[in-house]
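Novice: Residue numbers (the UniProt record's numbering): 1 to 84.
1. Reducing DSSP to helix, strand and coil, say where residue 87 ends up.
2. In whole angstroms, what separates the C-alpha of residue 17 from that of residue 10?
3. Which residues in the same chain have their Cβ closer than 6 Å to the Cβ of residue 27, if we skip the five residues on either side of it in sequence?
4. So what does DSSP say about residue 81, is it helix, strand or coil?
5. Could you tell me which residues DSSP pairs with residue 25 in its beta bridges?
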């Protein structure tokens, strides 16, 4: 987990400098889960795609631990539940 956090922070600094980046959060499954979920918010899909295609970012993906599987998904918010 320590190496994943270090690489994620490096990725984060690269992404923060890209046009359209708003913020990112890293979540980990509880107990013995190996799931790590990065939720990043961008101004547009185009901004995300442009940043993701940067050669310097692609090189940092190689720094994640061996066996790391990255599934990139682009999603949109469809509902928000608020309690008053």
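Beta carbons are placed, not taken as given, at the ideal position from N, Cα and C, and that holds for glycine.
Specialist: Inspection of the coordinates gives the following:
1. Since the displayed the chain opens at 1 and closes at 84, residue 87 lies outside it and no answer follows.
2. Distance between the alpha carbons of residue 17 and residue 10 is about 11 Å.
3. Around residue 27: 37.
4. Residue 81 falls in the coil class under three-state DSSP.
5. Answer by DSSP bridge pairing, in chain order: 39.
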